[in-house]
Amino acid sequence: MRLLIAIALIFTLAACFPNNPVKMSMTANPLPNTPEVAAAGKVIFEQRCQMCHGAEGRGDGAAAPALATKPANLRLLNNKPEGLIAMRIIGGGSVMPAWKNILTDEEIWQLSRYIKTISQQEAQTVAKK
């Protein structure tokens with residue numbers, strides 16, 4: 067019982083801080099869902115992400131073999147909320163750098179929209195097979 071109370075307290079306190087992971091993962095993309103936003107995200111992807119994640123986002127970029135952990139296949143994130151994708155971009159991962167001090171908030175949301183777009187395209191392609 068004490069453990070449940072402690073966990074609830076931690077989540078409650080975390081919700082009070084800006085850019086906390088719990089809140090961020092549940093945040094909807096504030097940018098409009100337009101081809102222009104996804105296209106802006108694609109430009110950022112090509113400049114910043116393609117070297118590890120590959121041209122199609124499959125985790126097979128030129129730098130991928132040299133990394134300790136294989137980059138994620140971004141085309142498999144259809145079931146993930148955009149807030150969670152943005153949170154990962156902001157904070158990085160095991161070998162992925164944190165982009166919070168490099169990209170603007172708008173760029174992070176543009177990039178997350180592009181990643182969501184290509185993952186939805188992948189899901190539609192798989193569903194047709």
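Under the numbering used here, the residues of the sequence shown are numbered 67 to 195, in order. Using N, Cα and C, we set each Cβ at its ideal position, and we do this for glycine too.
Can we say the segment 168-182 touches the segment 110-119, given the rule of at least three CB pairs closer than 8 Å?
yes
Member of T191, A121, M117, I174 whose CA lies at the smallest distance from the CA of T93:
Stepping through the sequence shown from its first residue, residue 93 is reached at position 27. For the residues T191, A121, M117, I174, the minimum Cα distance to T93 belongs to I174.
Taking only heavy atoms of the ligand MG into account, decide whether any of them is closer than 6 Å to the Cβ of P98.
The model depicted lacks the ligand MG and carries no ligand whatsoever.
Please list, in chain order, all residues of the same chain as A189 whose beta carbon is under 7 Å from its beta carbon, the five residues on each side excluded.
For the purposes of this step, residue 189 is taken as the residue at position 123 of the sequence shown. Closer than 7 Å at Cβ, skipping near neighbours: N144.
Other residues of its chain near G125: CB distance less than 7 Å, five sequence neighbours each side excluded
Your numbering for residue 125 matches position 59 in the sequence shown. If we look at G125 and ignore the five residues flanking it on each side, its Cβ neighbours are H119, K136, P137, A138, N139.
What residue does the alpha helix (DSSP H) around R154 start on, and which one ends it?
The sequence position of residue 154 within the sequence shown is 88, counting from 1. Here the alpha helix (DSSP H) through R154 covers 148-157.
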